[in-house]
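Worksheet: one structure, shown below.
Residue numbers (the numbering used here): 2 to 539.
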């Protein structure tokens, strides 16, 4: 592998004098003098207006000066007012000689998750996470109380993964809500979670979730190892994590799956995969991922198996159309005219008579134009974005045909290709097809179908070489696992899925499906006979 493809170790920047000063200030122990602690908080937060500091010169409960510190907007102000401040100002004196500060606060404040804090770094992390910090003059420690809250987006239907039959719930940007939505679907104590903070500046909450015994232990160990190696200033979306933990980054295909549907995440967890939740994004990462997974949808398991199989095969067909549609037209009209029926060839030739460009330039112009329209439709306001993209495509396409820049057949080919790319259930794999489409177009314009075949062989070899946390990307097709083919591009009947995928799941591969077997014809006949006998007696 060339040296410029190798990942270079991250170089840590030398801290500035201001950072050294702040580090020295926060590394000092919490002072028993209230004013000194308040001054450190003001200095570290730059006296931000969102950081609220309330000092009570006389607190009856502590018999000392007391201060509470919280960040406005990420805390529940009603809880702070009703449960925290009123409890501190209630009459009655606590004896500081008998109890430590945390025990005193826990006795008078009816809030959960009250802990004593002796380190400034932990204190600031709690403060910026939505906790309220309580200082009491004379104590060389502080107390944090859980008051996390603020405005949050309500649970809505997923916008990118819609399903006709299935749950209407979608993840939000709040990590605790997302985890609870999955726990409602899998009510099992073996559903384990591990939380950590990633990002030296953002301190983003990241949680991994898996089912103990179903997920492979070595995969979870490797995931934990990769996450702990991340050294970055900030994590604002799960895509940051995806790019830093994937097996191979030099590829157009996604090696990790992401979803904003709780039922999709729950189904993948039951198969032995892990989930990575990142605070601030509704998209949850799932791995290990395989190629066939990107053509599956949650409603495949709610419909009858022959309907789901037909729809899956249709998805595979539209993927190949979006991948090689324009390239096939270019190769056929440029090098292999003998393969086109005579009447159709005459019609295409008549249309292209006034077009001054070859087929490749035609396709390139239309593809680039449509990509511009698609990007413009996404960036435009929602109310007019779809109208601009549709009207723009119609007007530009009709004008281009009338001006003799492109032929009507090319407009049809590009339109069918665009519609096929929208029919792919996963946006990540659809984007891969959009990128590779231009490579196929260049190969078709250069060598015809022979060039397309060569690129296709190289593509299959590349797919077979990919790994996702050690799992072959083309599993269970390459290497072929006959017992696992029933849930790939086809969907076998539900009663046949008594075991989890062996290439993903851990030691517990049995789905406990002893009663899932399909009733035998003899059993059904006996059941029908008994029911008819009961009706006759009635």
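We treat Cβ as the ideally placed atom computed from N, Cα and C, and that holds for glycine.
Note that this is a predicted model, so its numbers are computed, not measured.
Approximately 5 angstroms separates the beta-carbon atoms of residue 159 and residue 262; this is inside 8 angstroms, confirming the contact. For residue 322, the enclosing alpha helix (DSSP H) has its first and last residue at 306–335. Going by beta carbons, residue 241 and residue 290 fall outside the 8 angstroms limit. For the 8 angstroms CB-CB criterion, residue 296 and residue 502 do not form a contact.
Between residue 485 and residue 473 a beta carbon distance of about 12 angstroms is seen, past the 8 angstroms cut, so the two are scored as non-contacting. The beta carbons of residue 76 and residue 178 sit about 17 angstroms from each other, so the pair does not count as a contact at 8 angstroms.
Residue 230 and residue 253 have their C-alpha atoms roughly 24 angstroms apart. If one requires a minimum length of 3 residues, the beta strand (DSSP E) runs lying completely within the region 68–122 are 116–118, in chain order.
Under the DSSP assignment, residue 452 falls in the alpha helix (DSSP H) whose first and last residues are 450–466. Comparing alpha carbon positions, the residue from 302, 31, 360 and 137 closest to residue 56 is 137. The region 310–324 makes no contact with the region 213–220: fewer than 3 CB pairs, one atom from each, lie closer than 8 angstroms. With contact defined as three or more Cβ pairs closer than 8 angstroms, the region 368–382 and the region 347–359 are not in contact. In the same chain as residue 491, and ignoring 5 residues on each side of it, the C-beta atoms closer than 8 angstroms to its own belong to 310, 313 and 314, in chain order. In this structure, residue 74 lies away from residue 273, with their beta-carbon atoms at least 8 angstroms apart. Considered as a whole, the region 335–415 harbours 343–352, 360–380 and 383–403 as its complete alpha helix (DSSP H) runs of no fewer than 4 residues, in chain order. Linking residue 464 to residue 489 through their CA atoms gives a straight-line distance of about 16 angstroms.
Counting along the chain, the unbroken alpha helix (DSSP H) around residue 267 starts and ends at 263–272. Using a C-beta cut-off of 8 angstroms, the region 193–211 makes contact with the region 231–239, since at least three inter-stretch Cβ pairs fall below that distance.
Contact between the region 101–118 and the region 165–177 is not established, with fewer than three Cβ pairs separated by less than 8 angstroms.
Taking the CA atoms as reference points, residue 364 sits about 30 angstroms from residue 256. Residue range 192–199 is occupied by the beta strand (DSSP E) that includes residue 197.
In terms of CA proximity to residue 371, 393 leads the group 360, 362 and 393. Sequence-distant partners of residue 424 (beyond 5 residues in either direction) whose C-beta falls short of 6 angstroms from its own C-beta, in its chain, are 319.
Annotation: residue 180 to residue 450 spans about 49 angstroms, alpha carbon to alpha carbon. In the DSSP secondary-structure assignment, residue 65 is bridged to 60.
The beta carbon of residue 167 lies closer than 7 angstroms to those of 264, 299, 300 and 303 in the same chain, with the five residues before and after it left out. Contact check for residue 62 and residue 109: beta-carbon distance about 5 angstroms, within the 8 angstroms limit, so the pair qualifies. For residue 241, the enclosing alpha helix (DSSP H) covers residues 239–246. As computed with DSSP, residue 40 is found in no beta bridge at all. Looking at 447, 328, 453 and 170, the one whose alpha-carbon comes closest to that of residue 182 is 170. Within the same chain, 55, 133 and 135 come within 6 angstroms of residue 69 by CB-CB distance, once the 5 residues on both sides are set aside. Inter-residue distance for residue 33 and residue 212 is about 46 angstroms (C-alpha atoms, whole angstroms). Going by DSSP, residue 209 is part of the beta strand (DSSP E) stretching over 205–212. In the three-state scheme derived from DSSP, where H, G and I count as helix and E and B as strand, residue 250 is classed as coil. Note that the C-beta distance between residue 325 and residue 360 is not below 8 angstroms.
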